[in-house]
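These notes concern the structure reproduced below.
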DNA sequence: GCCGTTTTCGGCCCGACTGTTTTCAGTCG
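Printed below as a string of structure tokens:
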């Protein structure tokens with residue numbers, strides 16, 4: 002998980018979430034959603050509510066989406082006292098471990114309350130004991146199936162891998178797709194959900210298809226052998242869900258042709274986007290559901306997503322943008338937005354060769370880029386000497402490498418081949434913000450990437466100062482993987498993003514969108530902000546072996562989610578235009 | 001409790017599937 006940059010936001014979000022559940026337990030209408038929504042919004046904020054309160058008082062809090070007078074007051078109360086009275090009251094009433102119980106699939110607020118009242122279940126371990134003793138099946142409104150489900154789902158929670166990396170799930174997703182597509186009568190099979198939105202992590206897979214023999218495809222689906230179905234979660238005429246041994250849940254929906262677009266739209270989500278769309282539908286006198294857009298009982302759109310958006314008075318919205326973060330307002334306007342496409346990429350500037358820890362020779366990398374990917378240039382950016390584990394290059398080695406690159410470039414020129422290898426390096430930003438390679442050498446390279454590779458857990462002020470010094474260094478052109486997190490493995494550095502943005506803008510420093518699927522750093526929301534600020538961006542593969550160069554596709558996905566067009570990304574430029582983006586060629 | 005291209009009051013997304021039910025509430029996506 003991402004480190005909690007704004008711990009207070011997270012603390013309050015947790016309380017709001019629990020309050021929402023408590024209110025739900027008591028059967029209160031609408032308030033639960035308001036609390037949950039507020040919790041979700043707090044988690045997306047780029048600023049601490051403590052800062053907002055300090056700068057703009059309670060009015061600043063109320064100005065936030067989803068926060069009104071009441072919740073603003075509760076935030077203020079928490080900032081002042083470290084507590085929220087309403088919450089403390091509920092804690093006494095229900096001394097229950099809401100967070101973990103709520104994680105158990107099939108358990109919602111009402112069931113949690115029921116188990117608490119009937120059996121005194123306070124937490125997951127109480128629940129397990131009660132279910133194992135057979136207490137649940139003997140309750141009024143209880144039953145054997147319910148009890149068994151609880152036991153199954155408890156096991157599931159213990160072993161669950163919450164979200165999978167997009168890149169690790171991609172081959173499996175396509176393999177299942179291929180098996181379903183050959184079932185007789187199947188057409189238009191699409192993988193929807195967060196997979197289609199190209200999120201960096203995927204929680205489950207959602208397939209939508211048209212089928213002339215729905216039962217046939219459902220049967221194939223629930224009997225998959227490779228991958229093997231571990232559990233059939235539900236099995237209906239039009240919707241079924243299965244689970245694989247590793248816990249991955251996969252859903253299949255079979256729909257009529259006339260509802261295909263509506264179903265794809267609906268199951269692609271995001272949920273928040275869909276809710277917004279339905280509100281627009283209602284405002285225009287329609288009703289939108291997974292079967293189509295309706296005026297009364299008459300379907301007015303549904304076979305394609307395009308016609309649904311059109312009927313709602315919206316431009317078509319690319320799946321990657323469907324997060325309810327302003328795309329609907331955009332779609333009501335006239336401005337075009339041609340998101341970047343993989344074919345726009347002309348080269349790759351973050352490539353490690355066998356001079357450092359990489360596997361491939363410079364000429365093999367160049368030929369792969371030129372012939373397989375159709376690039377016009379690459380930049381070799383090997384690690385530098387501080388990173389001993391990666392056999393980082395020292396000054397002398399960099400100069401020797403420069404000669405080799407010049408030789409290969411000369412050969413291309415002799416053969417009239419339009420391809421150029423640039424020499425950069427990926428220098429290390431040391432603890433004091435200086436680099437591990439002398440300026441006299443740095444200025445002889447074509448460009449310099451610098452990144453954090455050590456002491457990533459410095460406190461906010463310290464690591465921000467370190468990064469700012471690097472950004473202000475006239476020899477550093479690109480900051481690689483700025484936040485330096487690893488998805489699901491390592492938290493991000495606690496950088497002050499606002500200060501990074503300002504400094505990058507002032508100095509013309511380029512920020513990298515690192516396409517390694519374990520990094521995807523910058524993340525989409527930050528990409529979008531950087532773009533808005535006019536900051537230059539580059540999408541790099543961070544290649545260590547030939548195939549890694551194809552990772553660029555994941556970076557494209559993240560960039561699209563960040564509303565990026567071709568012009569925002571410097572490695573869509575032709576070489577002559579590209580090199581002008583480097584500070585050394587501007588100053 | 002929030003919010004406003006119908007609204008400062010009166011709405012608040014929608015349907016499938018499950019389990020224990022015999023008409024539905026709860027959960028999920």
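In the working numbering, the protein residues as written are 2 to 588.
Glycine residues also receive a C-beta, built at the ideal position from the N, C-alpha and C atoms.
Exposed or buried, residue i, counting other C-beta atoms within 10 Å across all chains shown (16 or more means buried)?
| i | result |
| --- | --- |
| residue 441 | exposed |
| residue 183 | exposed |
| residue 29 | exposed |
| residue 490 | exposed |
| residue 425 | buried |
| residue 518 | buried |
| residue 317 | exposed |
| residue 207 | buried |
| residue 384 | buried |
| residue 577 | exposed |
| residue 402 | buried |
| residue 575 | exposed |
Ends of the alpha helix (DSSP H) at residue i?
| i | result |
| --- | --- |
| residue 71 | 70-82 |
| residue 9 | 8-26 |
| residue 194 | 194-197 |
| residue 125 | 125-133 |
| residue 364 | 363-368 |
| residue 86 | 86-94 |
| residue 240 | No alpha helix (DSSP H) contains residue 240, which is instead part of the beta strand (DSSP E) from 240-245. |
| residue 283 | 272-284 |
| residue 254 | Looking at the DSSP string, residue 254 is not in any alpha helix (DSSP H); the run it does join, the beta strand (DSSP E), is 250-256. |
| residue 300 | Element bounds for residue 300: not the alpha helix (DSSP H) but the beta strand (DSSP E), 299-302. |
| residue 578 | 576-580 |
| residue 402 | 396-415 |
| residue 558 | 553-562 |
| residue 295 | Looking at the DSSP string, residue 295 is not in any alpha helix (DSSP H); the run it does join, the beta strand (DSSP E), is 293-296. |
Could you tell me the distance, in whole angstroms, from the CA atom of residue i to the CA atom of residue j?
| i | j | result |
| --- | --- | --- |
| residue 180 | residue 239 | 18 Å |
| residue 439 | residue 399 | 11 Å |
| residue 4 | residue 492 | For residue 4, the pLDDT reaches just 39, beneath the cut-off of 50, and the residue's location in the model is therefore unreliable, although a value from the coordinates is still provided. Looking at the two C-alpha atoms, the distance is approximately 5 Å. |
| residue 389 | residue 528 | 31 Å |
| residue 320 | residue 286 | 25 Å |
| residue 12 | residue 260 | 42 Å |
| residue 521 | residue 200 | 10 Å |
| residue 131 | residue 145 | 13 Å |
| residue 253 | residue 177 | 11 Å |
| residue 361 | residue 382 | 13 Å |
| residue 292 | residue 275 | 13 Å |
| residue 585 | residue 523 | 24 Å |
| residue 416 | residue 410 | 10 Å |
| residue 363 | residue 548 | 14 Å |
| residue 297 | residue 39 | 33 Å |
| residue 174 | residue 94 | 46 Å |
| residue 506 | residue 341 | 22 Å |
| residue 330 | residue 105 | 36 Å |
| residue 67 | residue 339 | 31 Å |
I'd like the list of long-range same chain contacts for residue i, defined as Cβ closer than 7 Å, with 5 residues on each side in sequence excluded.
| i | result |
| --- | --- |
| residue 333 | 314 and 315 |
| residue 37 | 18 and 21 |
| residue 550 | 349, 369, 370, 374, 542 and 544 |
| residue 10 | 43, 44, 46, 49 and 50 |
Could you name the residues of the same chain whose beta carbon sits closer than 6 Å to that of residue i, not counting the 5 residues immediately before and after it, in chain order?
| i | result |
| --- | --- |
| residue 75 | 85 |
| residue 233 | 223 and 243 |
| residue 219 | 241 |
| residue 197 | 269 and 320 |
| residue 583 | 448 and 478 |
| residue 322 | 328 |
| residue 188 | 211 |
By Cβ distance, which residues of its chain are closer than 8 Å to residue i, with the 5 residues on each side in sequence left out?
| i | result |
| --- | --- |
| residue 2 | Only weak support exists for where residue 2 lies, its pLDDT of 33 falling under 50; the value from the coordinates is given anyway. If we look at residue 2 and ignore the five residues flanking it on each side, its Cβ neighbours are 489 and 492. |
| residue 54 | 61, 62, 76, 77 and 80 |
| residue 496 | 461, 464, 465, 468, 483 and 484 |
| residue 305 | 261 and 262 |
| residue 427 | 351, 353, 382, 383, 384, 385, 450, 451, 452 and 481 |
| residue 221 | 180, 181 and 184 |
Is residue i near the ligand GDP - that is, is its Cβ less than 7 Å away from at least one heavy atom of it?
| i | result |
| --- | --- |
| residue 260 | In the structure on display, the ligand GDP does not appear, and there are no ligands present to speak of. |
Hey, could you find the ends of the beta strand (DSSP E) residue i is sitting in?
| i | result |
| --- | --- |
| residue 372 | Per DSSP, residue 372 belongs to no beta strand (DSSP E) and is neither H nor E. |
| residue 380 | 378-381 |
Touching or not, the region 338-350 and the region 368-378, by the rule of three or more beta carbon pairs under 8 Å? Result yes; three or more Cβ-Cβ pairs closer than 8 Å.
Would you check if there are 3 or more beta carbon pairs closer than 8 Å linking the region 163-174 to the region 121-141? A contact is defined here as three or more CB-CB pairs under 8 Å, and the region 163-174 fails this definition with respect to the region 121-141.
Three CB pairs or more closer than 8 Å across the region 212-231 and the region 272-280: The region 212-231 is not in contact with the region 272-280.
Closer than 8 Å is the cut-off here; do at least three beta carbon pairs connect the region 536-545 with the region 513-521? Counting Cβ pairs under 8 Å, three or more are found: they touch.
Are the region 472-490 and the region 449-458 touching by the rule of at least three beta carbon pairs closer than 8 Å? Taking 8 Å as the limit for Cβ pairs, the verdict is that the region 449-458 does touch the region 472-490.
So, does the region 111-118 touch the region 31-51, judging by three or more C-beta pairs under 8 Å? Output reads no: the region 31-51 does not touch the region 111-118.
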